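*Asks:* Under numbering that gives the first Met the number 0, the sequence shown has 10 at position 11, and the numbering climbs by one with no breaks.
Every residue, glycine too, gets a C-beta built ideally from N, C-alpha and C.
A quick note: this is a predicted structure, and the numbers were derived from the prediction, not measured.
I have a structure I would like to understand better, so I am pasting it below and will then ask my questions one at a time.
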Amino acid sequence: MAVLDATELQTIMVEAFPGNAVPLVETVTDEYVIVCQPVDLQHGRPGGTLSGPTMMMLADTAAWMAILAQIGPVLLAVTTSLHIDFLRKPALRDVLARARVLKLGRKLAVVDVEIYSRGETDLVAKAQVTYSLPSPKGAAQD
């Protein structure tokens with residue numbers, strides 16, 4: 000169940016990365032979060048395609064937003080693993096990431112992320128991201 004909405008998540012992102020252009024949280028449901036990365040020439044690479052690092056950043060950001068949507072503003076949740084498969088050459092235009100939490104445990108969260116170009120249905124990349132969640136204050140350490 001989502002405990003934070005798109006506006007709250009966007010505020011967290013803007014405050015966490017002041018002065019940076021951050022992706023836009025577009026949709027939050029109980030099942031998934033959709034985050035958009037507006038794309039311009041700085042996100043490209045030779046050949047007129049979107050760069051891999053841009054898609055990796057979007058996958059990581061969308062996973063973080065999906066976790067925070069469910070657990071609240073736990074800003075110290077950190078990436079421990081990110082695996083991404085680049086499936087096809089994306090056009091140099093805005094990309095969307097749909098992130099769905101697969102497992103939310105006490106210490107780890109695993110998120111599935113699908114990345115596609117705006118207006119398209121074919122995936123351009125697919126990622127699985129694992130986050131380490133901080134222990135609640137006062138909890139015994141393992």
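Taking the C-alpha atoms as reference points, what is the distance between Ala61 and Pro45?
*Replies:* One C-alpha to the other measures close to 26 Å.
*Asks:* Could you say if the segment 91-102 and the segment 21-31 meet the contact criterion of at least three C-beta pairs nearer than 8 Å?
*Replies:* Because the criterion of three Cβ pairs below 8 Å is met, the segment 91-102 and the segment 21-31 touch.
*Asks:* Here's the rule I'm using: 16 or more other beta-carbon atoms within 10 Å means buried, otherwise exposed. How should Gln41 be labelled?
*Replies:* Under this definition Gln41 is an exposed residue.
*Asks:* Any idea if Ala15 is buried or exposed, counting beta-carbon neighbours within 10 angstroms, 16 or more meaning buried?
*Replies:* Classification for Ala15: exposed.
*Asks:* Since Leu91 and Leu132 should fall inside the 8 Å C-beta cutoff, what is the C-beta to C-beta distance between them, to a whole number of angstroms?
*Replies:* Leu91 to Leu132, Cβ: 35 Å. No contact.
*Asks:* With DSSP run on the structure shown, which of helix, strand or coil describes Met12?
*Replies:* DSSP places Met12 in helix when its eight states are reduced to three.
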